[in-house]
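**Student:** Sequential numbering of the sequence shown, starting at 1, is according to UniProt numbering.
Have a look at this one before I ask anything.
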Amino acid sequence: MFISFEGTEGVGKTTLIGKLFEHFQTQGKDVVLTREPGGTPLAEQIRGLLLSVNHDEQMSHDTELLLMYAARAQHLDRVILPALAEGKIVLCDRFTDSSFAYQCAGRGLSREKLQLLNENFVSRMPDLTFWLDAPIELGMTRARERGALDRFEQEKVAFFASVRSGFAEIHTREPERMKRLDATQSPEQVFAEALSYLAECV
Ligand code: Z5A
1 MFISFEGTEG
11 VGKTTLIGKL
21 FEHFQTQGKD
31 VVLTREPGGT
41 PLAEQIRGLL
51 LSVNHDEQMS
61 HDTELLLMYA
71 ARAQHLDRVI
81 LPALAEGKIV
91 LCDRFTDSSF
101 AYQCAGRGLS
111 REKLQLLNEN
121 FVSRMPDLTF
131 WLDAPIELGM
141 TRARERGALD
151 RFEQEKVAFF
161 ASVRSGFAEI
171 HTREPERMKR
181 LDATQSPEQV
191 FAEALSYLAE
201 CV
């Protein structure tokens with residue numbers, strides 16, 4: 001089973017994934033925890049390029065999109081597809097929905113560009129996606145308490161509001177795959193809500 005986790009910054013994806021990882025391990029399940037952009041040494045290098053702040057040269061939106069997909073192609077090929085073929089559960093922090101939300105809804109790139117990349121380079125979509133949803137300000141406050149901000153975290157509220165509406169659009173379009181979790185709750189409550197959806201699916 002392939003499960004992805006989506007949402008704007010600081011909503012608690014990493015926290016929830018950690019809890020689910022432990023949960024599956026306790027059940028004796030073979031589970032892989034991974035993330036995007038990243039998940040392999042090469043894809044992590046691409047992540048470094050994507051998140052670092054470069055004051056000398058601004059990254060174009062197209063470059064950003066293509067780097068996301070270069071990392072994803074490597075990640076799918078080396079980690080996600082092999083793990084799924086071995087019958088493992090894959091928990092992935094972000095996947096293609098982030099590209100729609102950030103690069104299309106957020107940056108304003110065309111859906112056709114994204115569709116082209118998905119059709120040609122994404123052979124497997126998640127079986128289930130948890131969208132952790134909370135007001136933008138809440139996640140931004142949580143993320144900012146951690147210290148230095150990466151290139152995405154330096155964006156303004158309006159950008160993240162567009163990103164959030166991108167996730168909402170996917171949720172409306174694909175309610176079977178994408179389940180919305182109320183991320184304003186405590187970590188324990190979010191975990192319990194996720195488990196109740198999993199009980200329906202597994
Ligand atoms: N990106 C993109 O543009 N296009 C793509 O296709 C992909 C990604 C794949 C890196 O992602 C950036 O890449 C991302 C979008 C872009 N940028 N942004 N923004 P990332 O996932 O690494 O970055 P992130 O979203 O900023 O992750 P994050 O800040 O680590 O947030 P999180 O994982 O959702 O939250 P957390 O680490 O679990 O929690 C944050 C803090 O809140 C932490 O102190 C927790 O203890 C606390 N927390 C967590 N849950 C709760 C609850 N329920 N209550 C109270 N406090 C909580």
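Every residue, glycine too, gets a C-beta built ideally from N, C-alpha and C.
With DSSP run on the structure shown, which of helix, strand or coil describes valine 11?
**Tutor:** Three-state result, valine 11: coil.
**Student:** When burial is assigned at 16 or more other CB atoms within 10 Å of the CB, is leucine 117 buried or exposed?
**Tutor:** With 16 or more Cβ atoms within 10 Å of its Cβ, leucine 117 is classed as buried.
**Student:** Check whether the region 155 to 173 touches the region 1 to 10, counting contact only when three or more Cβ pairs, one atom from each stretch, lie closer than 8 Å.
**Tutor:** Yes: the two stretches touch, three or more of their Cβ pairs being nearer than 8 Å.
**Student:** What's the gap between the Cα of methionine 140 and the Cα of glycine 106?
**Tutor:** Answer to the nearest angstrom: the Cα atoms are 16 Å apart.
**Student:** Going by DSSP, what residues sit across from glutamate 119 in a beta bridge?
**Tutor:** None; glutamate 119 has no bridge partner.
**Student:** If I follow the unbroken alpha helix (DSSP H) through glutamate 44, where does it start and stop?
**Tutor:** From DSSP, the alpha helix (DSSP H) with glutamate 44 extends over 41 to 51.
**Student:** Output the residue ranges of the alpha helix (DSSP H) runs that lie fully inside the region 69 to 131 and measure 4 residues or longer, sorted by chain position.
**Tutor:** Counting whole runs of 4 or more residues, the region 69 to 131 contains the alpha helix (DSSP H) stretches 81 to 85 and 111 to 121.
**Student:** Can you tell me whether glycine 87 is buried or exposed? The criterion is at least 16 other CB atoms within 10 Å of its CB, across all chains shown.
**Tutor:** Its Cβ having fewer than 16 others within 10 Å, glycine 87 is exposed.
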